[in-house]
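Presented below is the structure to which this report refers.
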């Protein structure tokens, strides 16, 4: 952001149980129907795409196996829903072959592999309280061609019939939703964490407040920020030097902002916003605030100094807006799941420490540019392909995926980005926001690494746009932004783009740079999008 812009065994168990006259839940060797496709068809399974079916070769065992035909627009997802018991451990397994083959539970745990010969995948998971069914899936990846699967098994106790669930009354608009629902998704290795208890509305309006500097948009006092804003990010906390890790925040000086409030008034206004249910965060970085935690000493200074800011002003959490050269990947650091570059490792450690220190209500947001996230699909810095900063937020996001409240990528000041449809998307239309956000929900292979970045929970995903033409490159009218959100949330008006991650009813909301610029332009962003978000299901 810029300042200036097993069958036999089951029989044995049953026999033993009968002999002992013990009544228990029957454990099936495999809860799935047609698990090895030995019916010669897809009976019991529901598969997307054309060309998928049972084949006689190659098979792992028996006479048939599944052949899934993944195309550029379809990952050949095959699913089966079975009855299960709540709070119970299960194990899903299967034999697969092909490029990027995934096995997992819709909305839960999954795993994947790339292999030319059959290899076994195993996914252990535990059902939640009250859960009586589960959908398992196997699929390939877009544009990678055919894959095979065979001998898929779901081991665990079969479920018992239950009464029809009571239909809950719909929640009113903007009701607080600490545990928003997630729509079924075919996302590879989706997060299995639960949403943190933050008290945010289901769909939030998020903005940055120029609190430490002035520019052409003018200064806005904290007390004058309208109640429509759910998350207010104070811009910015900046380091005393690039590598010190020592973050300082000061209010805008009177010489720059003649109407700046006193510190006591500022703190009182923050408390008043929080009493309304709003969240106020300190945002670290920005265009001018380069932060490189190259040493453990810098890491520790970061934790100490950021904690001091949060405590002094009574803030709800932290926003990470590292830009420029704050994050990068050393040559050979090609596994985003296990990074080795100090500036990445130390930032992850620092954020985990802060999260632990402040607990479950700590709000953590991030505002990376597309260069540092979605570009990782085409280039990844640690592989020495292109700029070493490409995709460098991915290991941070992945390591903190259980702690992130909202990831709102800056869909502005961006060059063309290669999407999951293997087409370039450019700023200026709804398709840019659709394609960039879909990548966060669906996940994507990380370039030249053989690894896939897993999709995030729907409630963690938002996107950012400029509030006005002066705020940044990539401004589009509110109607264009809302068309993109309608596609993402409802699956309507998507044009020629096919959502790889499915719809996202729990889409968290919209972020803008900035509240100040929105005020300057007559609150166009707020007035258009706050009621729009209210009306979303």
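Residue numbers (the numbering used here): 764 to 1300. Backbone N, C-alpha and C define an ideal beta-carbon position, used for all residues, glycine too. The model shown is predicted, which means the values in this text are computed figures rather than measured ones.
Backbone secondary structure at residue i - three-state DSSP
i: residue 723; result: Residue 723 is absent from the model: the chain starts at 764 and stops at 1300.
i: residue 827; result: coil
i: residue 1124; result: coil
i: residue 883; result: strand
i: residue 1187; result: strand
i: residue 1292; result: helix
i: residue 1159; result: helix
i: residue 764; result: coil
i: residue 997; result: strand
i: residue 1203; result: helix
i: residue 966; result: coil
i: residue 1297; result: helix
i: residue 979; result: coil
i: residue 842; result: strand
i: residue 1140; result: helix
i: residue 1180; result: strand
i: residue 784; result: Below a pLDDT of 50, predicted positions are generally treated as unreliable, and residue 784, at 29, falls in that range; the measurement from the model is reported next regardless. Coil at residue 784, not helix or strand.
i: residue 1146; result: helix
i: residue 1195; result: helix
i: residue 1221; result: helix
i: residue 746; result: Beyond the ends of the chain as shown, which are 764 and 1300, falls residue 746; an answer cannot be given.
i: residue 950; result: Residue confidence is low: residue 950 scores 39 on pLDDT, short of 50, so the model does not pin down where it sits. Its coordinate-derived value is still stated next. Residue state, collapsed to three classes: coil.
i: residue 892; result: coil
i: residue 1153; result: coil
i: residue 991; result: coil
i: residue 740; result: Shown here, the chain extends from 764 to 1300; a query on residue 740 therefore has no answer.
i: residue 833; result: strand
CB contact below 8 Å: residue i versus chain C
i: residue 982; result: Here there is only one protein chain, and chain C is not present.
Start-to-end residues for the beta strand (DSSP E) that takes in residue i
i: residue 913; result: 908-920
i: residue 860; result: 852-868
i: residue 1227; result: 1224-1229
i: residue 901; result: 896-902
i: residue 1169; result: 1169-1173
Nearest candidate by alpha-carbon position, reference residue i, set the options
i: residue 1107; options: 1120, 1122, 1088; result: 1088
i: residue 1084; options: 1297, 970, 1132; result: 1132
i: residue 871; options: 881, 861, 887; result: 887
i: residue 1034; options: 1075, 1054, 1014, 1000; result: 1075
i: residue 848; options: 1226, 917, 973, 890; result: 890
i: residue 1165; options: 1126, 976, 1016; result: 1126
i: residue 1254; options: 1265, 1244, 1245; result: 1265
i: residue 1217; options: 1111, 1240, 1247, 1099; result: 1099
i: residue 1200; options: 1038, 842, 1187, 1248; result: 1248
i: residue 858; options: 917, 1187, 1116; result: 917
i: residue 1258; options: 1016, 807, 962, 1192; result: 1192
i: residue 1082; options: 900, 1054, 1169, 1062; result: 1169
i: residue 814; options: 806, 821, 834, 977; result: 834
i: residue 1141; options: 1111, 1208, 1037, 1086; result: 1208
i: residue 868; options: 896, 880, 1224, 877; result: 896
i: residue 1150; options: 1092, 920, 865, 976; result: 1092
i: residue 1292; options: 830, 993, 892; result: 993
i: residue 1287; options: 1232, 977, 863; result: 1232
i: residue 1000; options: 991, 1006, 1010; result: 1010
i: residue 829; options: 851, 912, 1215; result: 912
i: residue 863; options: 1214, 1275, 1008, 995; result: 1214
i: residue 900; options: 907, 1226, 873; result: 873
i: residue 1261; options: 1274, 1157, 1182, 1282; result: 1182
i: residue 988; options: 1283, 1299, 1294; result: 1283
i: residue 851; options: 921, 884, 1064; result: 921
Alpha helix (DSSP H) segment containing residue i, residue limits
i: residue 1249; result: 1241-1253
i: residue 1029; result: 1026-1038
i: residue 1278; result: 1278-1283
Contact belief for residue i with residue j at Cβ below 8 Å, rounded distance in angstroms
i: residue 1120; j: residue 1134; result: The pair is not a contact, with the Cβ atoms about 31 Å apart (cut-off 8 Å).
i: residue 969; j: residue 1012; result: Going by Cβ atoms, the distance from residue 969 to residue 1012 rounds to 19 Å, so no, they are not a contact pair.
i: residue 1180; j: residue 1129; result: No, residue 1180 and residue 1129 are not in contact; Cβ-Cβ is about 17 Å, not under 8 Å.
i: residue 1154; j: residue 1172; result: Between residue 1172 and residue 1154 the Cβ distance is about 12 Å, and since that is not below 8 Å, they are no contact.
i: residue 839; j: residue 860; result: About 14 Å; that fails the 8 Å criterion.
i: residue 816; j: residue 804; result: 7 Å
i: residue 966; j: residue 998; result: Residue 966 to residue 998, Cβ: 23 Å. No contact.
i: residue 1069; j: residue 1047; result: 7 Å
i: residue 1228; j: residue 1239; result: 7 Å
i: residue 1066; j: residue 1116; result: 5 Å
### Task
Can you check the stretch 1042-1123 for any beta strand (DSSP E) of at least 3 residues that lies completely inside it and give the ranges in chain order?
1042-1049, 1080-1085
### Unbroken stretches of the beta strand (DSSP E), 3 residues or longer, contained in the stretch 794-825
816-818
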